[in-house]
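Everything in the sequence shown is counted per this note's numbering, starting at 1018 for the first residue and increasing by one.
Ideal Cβ positions, reconstructed from N, Cα and C, are used throughout, including at glycine.
What follows is one structure encoded as structure tokens, with my remarks underneath.
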Amino acid sequence: STVRASAAQPLAPAALSAWTGRYRDPWLGEMTLCPDNGRVHFAVAKSPRLNGEVMRLGSRDLVRWTDRNVAPDAWLDLHPAQGGQAATLTMAKVDALGDFSSDYEDLHFTRTGDCP
């Protein structure tokens, strides 16, 4: 079944307040998941084209890239802090049959602090 990502709705910062902050992936580096003008914005510091708005589709969150040519939209899977470990965030392609060159499944972001 094809996911209708176009039906996703913008997510208010309050809905993700427990998750906003700075994150780091060993390969991609720093990422922020922070409020911006009443929305939640995802941005990777060393890859400026990897930025977009966090949306809600059903019970899941996804990032819709600002540059529609950069990559397929991605699910955001948020994992709570536990056992003294920081919260983490992983990603997956919204369209499982989409562009296989996006390596979302290899990314593993760990929360490192609050939004700047």
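Excluding five sequence neighbours on each side, which residues of the same chain lie with their C-beta closer than 6 Å to the C-beta of residue i?
| i | result |
| --- | --- |
| PRO1052 | PRO1030 |
| VAL1057 | LEU1028, PRO1030, LEU1033 and VAL1071 |
Could you check the C-alpha separation between residue i and residue j for me, to the nearest Å?
| i | j | result |
| --- | --- | --- |
| PRO1097 | THR1037 | 12 Å |
| ALA1103 | GLY1046 | 16 Å |
| GLU1122 | TRP1044 | 12 Å |
| GLY1101 | MET1072 | 29 Å |
Are there 16 or more other CB atoms within 10 angstroms of the CB of residue i, so buried, or fewer, so exposed?
| i | result |
| --- | --- |
| VAL1068 | In the sequence as presented, Val is not what sits at residue 1068; that position holds Asn. That one is buried. |
| LYS1110 | buried |
Under DSSP, the beta strand (DSSP E) around residue i begins and ends at which residues?
| i | result |
| --- | --- |
| CYS1051 | 1046-1053 |
| ALA1031 | Taken as a continuous stretch (DSSP letters only), ALA1031 belongs to no beta strand (DSSP E), as it is neither H nor E. |
Can residue i be considered in contact with the ligand MG, in the sense that its beta carbon sits closer than 7 Å to one or more heavy atoms?
| i | result |
| --- | --- |
| ARG1039 | Summarising the ligand content, the structure contains no ligands, and the ligand MG is consequently not present. |
Discussion item. If we require 3 or more residues per run, which beta strand (DSSP E) segments fall completely within the stretch 1073-1119?
Written reply: 1077-1082, 1091-1096 and 1105-1110
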